[in-house]
Amino acid sequence: MENINLVCKDLSKSYGKTLGLDNVNLALPKGSIVGLLGPNGSGKTTLLKLAAGLLTPTSGSIELCGMAPSELTKEIVAYQPDKIYLNNWMTVENLVSMMSDFYQTFNREKAMDMLSKLKLNPKDKLKTMSKGNKEKVQLILTMSRDVPLYILDEPIGGVDPAARDYILNTIINNYQENATVIISTHLISDIENILNYIIFLKEGKVVRCGDVDDIREKEGKSIDILFREEFKC
């Protein structure tokens, strides 16, 4: 298991009588960008929150680099939720300083370099920025951590196509060589070319997972087409 960053064994999560995840088994390799794909209500956010330590399993287990989620694993996991969580009254510079103080794994130089390349002013308050620029700032803060596991919930859902290209390039160019990046998204065609591993979730169950090239070769179809076939209404 030394080449694996995340393992789920018979992992289930219930919300009362509703089953969010149902007996999920996964082993996600190091050095991979993983697409977590499925319709609304399929269990994607539940799985990501379990990995981030924000939820606890109902049964089964999840391990991150050989450890169960805990206060210790928060230092090795960079989690970005699907909503902007940053304080509007803070400047970008304040946010960078806060992250530097909070996480030993935060790389301040990397963050400032990415802000400069995007021509984002560190002195600007978040409340003065467009939604797209807020999304970029949030992603920069997440990807500036030097960790083995990045968890991104819908990182390109609320931005325009040009910004999507930047966000995807930022992800590709800034994760650690032996890290695993998990990206949840509905926009398969926009993201397929950067993925090398995929998980299809349906009603809390894994219905397909594996290496992207192997799946394309076996099925003779793109991941986007397979997704449309699997989840057609």
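Residue numbers (my numbering): 133 to 365. Ideal placement from N, C-alpha and C gives every residue a C-beta, glycine not left out. Quick caveat: nothing in here was measured; it's all calculated off a predicted structure.
Unbroken beta strand (DSSP E) run spanning residue i, endpoints
i: Ser164; result: Ser164 to Leu169
i: Ser316; result: Thr312 to Thr317
i: Ile283; result: Leu281 to Asp285
Alpha helix (DSSP H) segment containing residue i, residue limits
i: Tyr211; result: That residue, Tyr211, is in no alpha helix (DSSP H); its beta strand (DSSP E) goes Val209 to Gln212.
i: Arg277; result: Run containing Arg277: none; DSSP gives neither H nor E here.
i: Asp292; result: Segment: none, Asp292 is in no alpha helix (DSSP H) and carries neither H nor E.
i: Ala200; result: Segment: none, Ala200 is in no alpha helix (DSSP H) and carries neither H nor E.
i: Leu252; result: From DSSP, Leu252 is part of no alpha helix (DSSP H); its letter is neither H nor E.
i: Leu358; result: Ile355 to Glu362
i: Ile216; result: Run containing Ile216: none; DSSP gives neither H nor E here.
i: Ser174; result: Unbroken run through Ser174: none, as it is neither H nor E.
Per DSSP, cross-strand counterpart(s) of residue i
i: Gly342; result: Ile330
i: Val139; result: Ala159 and Glu195
i: Lys257; result: Thr223
i: Ser144; result: Ser191
i: Lys263; result: Answer by DSSP bridge pairing: none, since Lys263 is not bridged.
Nearest neighbour of residue i, chosen from the options [CA to CA]
i: Ala159; options: Leu153, Lys149 and Lys141; result: Lys141
i: Leu169; options: Glu351, Val344, Gly352 and Lys350; result: Val344
i: Lys215; options: Lys266, Ala243 and Ala295; result: Lys266
i: Phe359; options: Lys251, Gly163, Ile331 and Asp233; result: Ile331
i: Gly192; options: Leu153, Ser354, Lys206 and Met244; result: Leu153
i: Ile136; options: Gly198, Tyr147, Leu143 and Ala183; result: Gly198
i: Asn301; options: Gly148, Asn157, Ile165 and Ser146; result: Ile165
i: Pro213; options: Val339, Ala184 and Met231; result: Ala184
i: Tyr211; options: Pro189, Asp278 and Ser262; result: Asp278
i: Glu324; options: Ile355, Arg240, Ser262 and Tyr217; result: Ile355
i: Lys149; options: Met231, Val139, Thr190 and Ile326; result: Thr190
i: Leu319; options: Gly342, Asp292 and Leu151; result: Asp292
i: Ile357; options: Glu349, Thr317 and Ser321; result: Ser321
i: Ile272; options: Phe238, Val209 and Lys255; result: Phe238
i: Pro161; options: Glu349, Tyr329 and Thr260; result: Tyr329
i: Ile208; options: Thr274, Lys350 and Gly264; result: Thr274
i: Gln75; options: Asn155, Gly163, Leu252 and Ser174; result: Residue 75 lies beyond the range of the chain shown here (133 to 365); nothing can be said about it.
i: Leu218; options: Met261, Arg240 and Glu195; result: Met261
i: Met246; options: Glu286, Ile299 and Met231; result: Ile299
i: Leu138; options: Pro201, Glu241, Pro171 and Met244; result: Pro201
i: Leu369; options: Lys242, Gln270, Val339 and Arg348; result: Residue 369 lies beyond the range of the chain shown here (133 to 365); nothing can be said about it.
Where residue i falls: helix, strand or coil (DSSP)
i: Gly185; result: coil
i: Lys149; result: coil
Residue i beta carbon near the ligand ZN (any heavy atom closer than 7 angstroms)
i: Leu252; result: This structure lacks the ligand ZN, and indeed carries no ligand of any kind.
The stretch 306 to 314 in contact with the stretch 274 to 287 per 3-pair CB rule at 8 angstroms: Taking 8 angstroms as the limit for Cβ pairs, the verdict is that the stretch 274 to 287 does touch the stretch 306 to 314.
query: Taking three-plus beta-carbon pairs below 8 angstroms as touching, is the stretch 172 to 186 in contact with the stretch 221 to 228?
result: Below 8 angstroms, too few C-beta pairs join the stretch 172 to 186 and the stretch 221 to 228 to call them touching: fewer than three.
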